[in-house]
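Peer 1: Before I ask anything, here is the structure I am working with.
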Amino acid sequence: MTGPKKLFIKTYGCQMNVYDSERMAEALGGQGYVETKSADDADMILLNTCHIREKAAEKVYSELGRFRGLKDENPDLKIGVAGCVAQAEGEEIMRRQPLVDLVVGPQSYHRLPDMEAKTRAGEKALDTDFPEEDKFEKLKSRPKAARGPTAFLTVQEGCDKFCAFCVVPYTRGAEVSRPADRILTEARDLVERGVREITLLGQNVNAYHGVGPDGDLTLAQLIWELDKIDGLARIRFTTSHPNDMADDLIEAHGTCSKLMPYLHLPVQSGSDHILKRMNRSHTADSYLRLIERIRKARPDILLSGDFIVGFPEESDADFQATLDLVEEVGYGQAYSFKYSTRPGTPAAERPQVDEDVKSERLQRLQTLITRQQRDVQDSMVGKDVSVLFEKPGRREGQMGGKSEYLHAVHVANANVKVGEIRKVRITDSGTNSLGGVLV
Ligand code: SAM
Ligand code: SF4
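Take -12 as the starting number for the sequence shown in my numbering and just add one per residue.
Shown next as structure tokens:
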């Protein structure tokens, strides 16, 4: 007797890829696949790749090489590459790595069932189009199985901003927003299945402008529509661009109780010269004024950001301006990266900053950010936060979840169920999480 076919998906990169992987698994579910946690017993392996990090494509090639043994053992095993490396490399992947049966770009994975059938017929399948049709609409609706209390929901894809360092506009294509009714239907469905917190995803999520019943909706208007869904308790969104922080979105942070007090708002640099060379179209000062307005609307909001150090032409003074900006804002969380070249992007062609200088700057910036994160986390001790419990902790009787500020919180001997939201008094601050007691 043959059981269902097994699908192993390995996901790299951002939350949008996590969401895409879920939808790809659902699409292939219609072909009789169930997910497995191990590549060893899979009938199909899919690498859902990310192109943001350095040498992303090389890492994918070396990962693929490791599957040779599995393919020797099981010649029916199909190997696919999805995501942004698939988009960027296209056919080249099959040329360089003949083990690969299928290459699908992030805009085409609704065509996976047909592509899979093609591979079963012994052919190679490649699709890196930017098709007209809405892939989300073409995908089967999410199956009705129960799920955990948090979920991602992609509302917008692509980007038209063309920051000089970034591949997203090339790999994910032009900015497109999903129609509001489809998002709301998907959100209601998730809530029926036990989801209490939804994170709206987009490369540039706050530029959302999806079709609504009476014209386009802004992200804030979409959030207010989601706010009406009974049973949905928390809304988040990521990632935002400073130039698209509209007034109604800032206001919603002060007035919409379901919108959580956490905002990821990347600035990349504190130097106006570098921001200009990055094609960011905002200045350090306009960013700081924006933060002021957001904090006025929601004083306790936890701010998070992204930074690039060692961008071409970055001088010591430019880097110092970044440190100054970080000091001034006070981040609760932040991600920082050394600039690394992405072929085909404008900054890749410019004279580069020395690698040692980049490393030294990154270390200084990360020391500062870590200190700020620590201070913000420690300042929670003695406060009451609301925690959405997500899963049992490592210790017996312990339960873990996230506060409204996205801090991980553990409670010992907590008699609570997964999906419950309870007030917790924070009693201690550990390395990466907070501890507390139910109030
Ligand atoms: N759309 C978001 C924005 O506007 O900031 C972020 C998109 S990108 C997927 C996530 C982060 O990766 C960026 O904010 C940036 O800090 C970093 N990143 C992108 N390209 C990079 C590069 N070539 N080198 C280093 N870091 C990079
Ligand atoms: Fe990339 Fe974000 Fe800039 Fe778009 S706005 S090009 S996604 S960094």
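Where is the CB? At the ideal position from N, CA and C, for every residue including glycine.
(1) Do you know how far the Cα of K345 is from the Cα of E13?
(2) By alpha-carbon positions, which one of Q364, F224, M81, G218 ends up nearest to Q143?
(3) Assuming Q353 contacts Q320 under a Cβ cut-off of 8 Å, what Cβ separation, rounded to an integer in Å, is found between them?
(4) Just how far apart, CA to CA, sit L34 and K283?
(5) Which value, in whole angstroms, describes the spacing of the CA atoms of T172 and I408?
(6) Taking only three categories from DSSP, how would you classify Y318?
(7) From this set, H397, F149, V405, which residue's C-alpha is nearest S416's C-alpha?
(8) Is T309 near the ligand MN, in the sense that its beta carbon is under 7 Å from a heavy atom of that ligand?
(9) For the structure I just gave you, are there three or more beta carbon pairs, one from the region 297 to 312 and one from the region 358 to 376, closer than 8 Å?
(10) How about M81 and K111: are their beta carbons less than 8 Å apart?
(11) Distance check for C1 and G423, CA to CA, integer angstroms please.
(12) What distance in whole Å lies between the Cβ atoms of K245 and I222, which are believed to be in contact at a cut-off of 8 Å?
(13) Out of A304, A401, V254, which one is the CA nearest neighbour of Y318?
(14) For the ligand SAM, I want to know if P253 counts as a neighbour, meaning its beta carbon is within less than 7 Å of at least one of the ligand's heavy atoms.
(15) Go through its chain and collect everything with a Cβ distance to V21's Cβ below 8 Å, but skip five positions before and after it.
(16) For A138, list the residues DSSP reports as bridge partners.
(17) Determine the DSSP secondary structure at H260, reduced to helix, strand or coil.
(18) Taking the alpha helix (DSSP H) that K345 belongs to, which residues open and close that run?
(19) Applying the 10 Å Cβ sphere with the 16-neighbour rule, what's the burial state of V426?
(20) Just to confirm, is the Cβ distance from A228 to I288 under 8 Å?
(21) Since I believe G145 is in contact with G160 (beta carbons under 8 Å), could you give me their beta-carbon distance rounded to a whole number of angstroms?
(22) Would you tell me roughly how many angstroms separate the C-alpha atoms of V91 and A73, rounded to the nearest one?
(23) Should the region 37 to 48 be called in touch with the region 63 to 73, which here means at least 3 C-beta pairs below 8 Å?
(24) What separation, rounded to the nearest whole angstrom, lies between the Cα atoms of V192 and A133?
(25) Under DSSP, the alpha helix (DSSP H) around N402 begins and ends at which residues?
(26) Which class does A112 belong to by DSSP, given the choice of helix, strand or coil?
(27) Once you ignore the five residues that flank A138 on each side, which residues in its own chain have a CB closer than 6 Å to its CB?
(28) For R55, does the count of other Cβ atoms within 10 angstroms reach 16, so buried, or fall short, so exposed?
(29) Please report how far the alpha carbon of G19 lies from the alpha carbon of N400, in whole angstroms.
(30) Out of L277, S302, H196, P93, which one is the CA nearest neighbour of D116?
(31) Following the continuous alpha helix (DSSP H) through T172, name the residue where it begins and the one where it ends.
(32) Give me whichever residues DSSP pairs with Y20 in a beta bridge.
(33) Do you know offhand how far D101's Cα is from L312's?
(34) When every heavy atom of the ligand SF4 is checked, does at least one fall within less than 7 Å of the C-beta of F224?
(35) What number of angstroms, rounded off, separates the C-alpha of R165 from the C-alpha of Y326?
(36) Do C153 and the ligand SAM come close, with the Cβ less than 7 Å from some heavy atom?
Peer 2: Let me spell this out:
(1) Approximately 42 Å between the Cα atoms of the pair.
(2) Sorting Q364, F224, M81, G218 by C-alpha distance to the C-alpha of Q143 places F224 at the top.
(3) The beta-carbon distance between Q353 and Q320, rounded to whole angstroms, is 12 Å. This is too long to meet the 8 Å contact definition.
(4) Approximately 43 Å between the Cα atoms of the pair.
(5) About 24 Å.
(6) In the structure shown, Y318 falls within a coil segment according to DSSP collapsed to helix, strand and coil.
(7) The option with the nearest alpha carbon to S416 is H397.
(8) The ligand MN is absent from the structure shown, which contains only the ligand SAM and the ligand SF4.
(9) Judged by Cβ distances under 8 Å, the region 297 to 312 makes no contact with the region 358 to 376, as fewer than three pairs qualify.
(10) Closer than 8 Å, so yes.
(11) When only Cα atoms are considered, G423 and C1 end up about 30 Å apart.
(12) The pair is a contact, with the Cβ atoms about 5 Å apart (cut-off 8 Å).
(13) The option with the nearest alpha carbon to Y318 is V254.
(14) For P253, the Cβ falls inside the 7 Å cut-off from some heavy atom of the ligand SAM.
(15) Excluding sequence neighbours, V21 sits near P(-9), K(-8), K(-7), L(-6).
(16) Answer is I185.
(17) Reduced to three states, the DSSP call for H260 is helix.
(18) Per DSSP, K345 is one residue of the alpha helix (DSSP H) stretching across 342 to 365.
(19) Classification for V426: exposed.
(20) The identity of residue 228 in the sequence shown is His, whereas the question assumes Ala. No.
(21) In this structure G160 is in contact with G145, their Cβ atoms being roughly 4 Å apart against a cut-off of 8 Å.
(22) For the pair V91 and A73, the Cα-to-Cα distance works out to about 6 Å.
(23) With the cut-off at 8 Å, the region 37 to 48 and the region 63 to 73 touch.
(24) If I take the Cα positions, the gap works out to 27 Å.
(25) In the DSSP assignment, N402 falls outside any alpha helix (DSSP H), carrying neither H nor E.
(26) Three-state DSSP puts A112 in a strand.
(27) Residues of the same chain with a CB within less than 6 Å of the CB of A138, apart from the 5 flanking positions on each side, are L177, V182, I185 in chain order.
(28) Only exposed fits R55, as fewer than 16 other CB atoms lie within 10 angstroms of its CB.
(29) G19 and N400 have their C-alpha atoms roughly 41 Å apart.
(30) When only C-alpha atoms are compared, the closest one is P93.
(31) That run of the alpha helix (DSSP H) goes 167 to 179.
(32) Looking at the DSSP assignment, Y20 forms a beta bridge with K(-8).
(33) Looking at the two C-alpha atoms, the distance is approximately 50 Å.
(34) For the ligand SF4, not one heavy atom lies less than 7 Å from the Cβ of F224.
(35) Their Cα atoms are separated by approximately 32 Å.
(36) True, at least one ligand heavy atom lies under 7 Å from that Cβ.
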